[in-house]
Ligand SMILES: C[S@@+](CC[C@H](N)C(=O)[O-])C[C@H]1O[C@@H](n2cnc3c(N)ncnc32)[C@H](O)[C@@H]1O
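In UniProt numbering, the protein residues as written are 1 to 399.
Now the structure itself:
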């Protein structure tokens, strides 16, 4: 697709027409016919329909901005959600950063947030179409940004206060590769950035090994409504704490942060009446001990994140359940116990158990009418099955 065709007057009209396509025309062939009937050239109609589809998908990441932005499919998938990009940009501004280089800017989600926070942005992307889109997106939102097509590796960093780099992760057979050596720009270049510009922020895959974070960097793990979305390394003077978990809730809306060393061990004790299942950001940031400290909780096994309290505790950092019963572990007896409860739709949580959740669900063959929640876990060395009732939490577990 030629981005400039979409930005021409004919392109604008095609985008506007594609945006008004109703459900009745959403079948690709009917939608294309509908646009062609309005005199729009076939190639432009196809490109505009793709954009209309991507804009609809992009609303969850970009809200109302999506309606004026352009995307590539990969660019949208890799783009930072606006809620995260905005927080990052504000944090840089508060830290006194006034200019930033965005290396590998994609369709410009972070570029836009930096510009909105008042930072001067020098953005670069190795893919010409993507770079053109980032440029067009900033312009469509009325934001100044210097976006060019180029290689991050040879981009001049003189004069910028800070660097942001969100490397692409190559995929193998559609699967994201977690090995940082698969990063583009290459990991060696990315890891050396803090030595060149101390105020560097790296956006990394949430599965990143803590050992790969640059020395003395703050590792931040971010979740939105319980979904872990990214990790970031805040380097040099930008590091405020060794580890941080940032939980963004869109419903309230609210943000909750937990900080700590990432190396503490929570006390271990018997399981208690309330089980708290920490948010993935807390677990990945290695802040379970700090979390347990906030509610006076203990673990039943030092390696399992379920945190227990005798008294109910309301916390934004976990989903909380009341433990109603310890059920038998053996399949036949477990099935009998769940049938006695008339259990049907079953939510199965699992930490520290090797059991396959779907296999178990099939083997249990429950046909009752009452929804039930169980946790497969371990208490010390012994496997355990706990019958739970949702007590509280940022979001109730889905059935
Ligand atoms: C994960 S995406 C960035 C997404 C962006 N932060 C956003 O939120 O929209 C990574 C981008 O890096 C670009 N890239 C990969 N290698 C590069 C290089 N050597 N120089 C510049 N850009 C590169 C890719 O084309 C891709 O668009």
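Just so it is clear, CB atoms sit at the ideal spot from N, CA and C, and this is done for glycine as well.
Tell me, to the nearest whole angstrom, how far the beta carbon of residue i is from that of residue j; I am working on the premise that it is less than 8 Å.
i: residue 370; j: residue 341; result: 6 Å
i: residue 71; j: residue 21; result: Incorrect: roughly 17 Å between the Cβ atoms, too far for contact.
i: residue 116; j: residue 143; result: 6 Å
i: residue 307; j: residue 291; result: 7 Å
i: residue 166; j: residue 223; result: Not quite, the Cβ-Cβ distance comes to about 18 Å (not below 8 Å), so this is no contact.
i: residue 138; j: residue 147; result: 6 Å
i: residue 232; j: residue 203; result: 5 Å
i: residue 54; j: residue 28; result: Not quite, the Cβ-Cβ distance comes to about 14 Å (not below 8 Å), so this is no contact.
i: residue 287; j: residue 327; result: With a Cβ gap of about 30 Å, residue 287 and residue 327 do not count as contacting.
i: residue 159; j: residue 124; result: Wrong, their Cβ atoms sit about 14 Å apart, outside the cutoff.
i: residue 331; j: residue 374; result: Their Cβ separation, rounded to whole angstroms, is 13 Å, which puts residue 331 and residue 374 out of contact at 8 Å.
i: residue 281; j: residue 309; result: With 8 Å as the limit, residue 281 and residue 309 do not qualify as a contact, their Cβ atoms being about 20 Å apart.
Can you pull the DSSP bridge partners for residue i?
i: residue 268; result: 299
i: residue 3; result: None; residue 3 has no bridge partner.
i: residue 153; result: According to DSSP, which records beta bridges pairwise, residue 153 is partnered with nothing at all.
i: residue 243; result: 219, 260
i: residue 165; result: 103, 202
i: residue 321; result: 275, 390
i: residue 308; result: 275, 298
i: residue 187; result: Looking at the DSSP assignment, residue 187 forms no beta bridge with any residue, so it has no partner.
i: residue 179; result: Beta-bridge pairing links residue 179 to no other residue.
i: residue 224; result: 227, 248
i: residue 121; result: 100
Could you check whether residue j and residue i sit closer than 8 Å to each other, using their CB atoms as the reference points?
i: residue 130; j: residue 75; result: yes
i: residue 351; j: residue 304; result: yes
i: residue 162; j: residue 196; result: no
i: residue 318; j: residue 256; result: no
i: residue 37; j: residue 103; result: no
i: residue 94; j: residue 119; result: no
i: residue 88; j: residue 201; result: yes
i: residue 184; j: residue 218; result: no
i: residue 372; j: residue 322; result: no
i: residue 3; j: residue 122; result: no
i: residue 251; j: residue 298; result: no
i: residue 364; j: residue 324; result: no
i: residue 238; j: residue 206; result: no
i: residue 368; j: residue 343; result: yes
Kindly examine ligand 1 and report whether one of its heavy atoms sits closer than 7 Å to the Cβ of residue i.
i: residue 129; result: no
i: residue 110; result: yes
i: residue 126; result: yes
i: residue 133; result: no
i: residue 207; result: no
i: residue 63; result: no
i: residue 146; result: no
i: residue 235; result: no
i: residue 263; result: no
i: residue 21; result: no
i: residue 180; result: no
i: residue 157; result: no
i: residue 103; result: yes
i: residue 115; result: no
i: residue 184; result: yes
i: residue 153; result: yes
i: residue 167; result: yes
i: residue 248; result: no
i: residue 107; result: yes
i: residue 118; result: no
i: residue 75; result: yes
In this structure, how does DSSP classify residue i when only helix, strand and coil are distinguished?
i: residue 81; result: coil
i: residue 128; result: helix
i: residue 160; result: coil
i: residue 12; result: helix
i: residue 353; result: coil
i: residue 344; result: strand
i: residue 380; result: coil
i: residue 40; result: coil
i: residue 385; result: strand
i: residue 21; result: coil
i: residue 229; result: strand
i: residue 330; result: coil
i: residue 371; result: strand
i: residue 60; result: helix
i: residue 94; result: helix
i: residue 32; result: helix
i: residue 251; result: coil
i: residue 146; result: strand
i: residue 396; result: The predicted model places residue 396 with a pLDDT of 42, which falls under 50 and marks its position as unreliable, so this point remains unresolved.
i: residue 108; result: coil
Would you say residue i reaches chain C, if we count a Cβ-Cβ gap shorter than 8 Å as a contact?
i: residue 258; result: Absence of chain C from the displayed structure is noted, only one protein chain being present.
Measuring from the CB of residue i, is there a heavy atom of ligand 2 at a distance below 7 Å?
i: residue 80; result: This structure simply doesn't include ligand 2; it includes ligand 1 instead.
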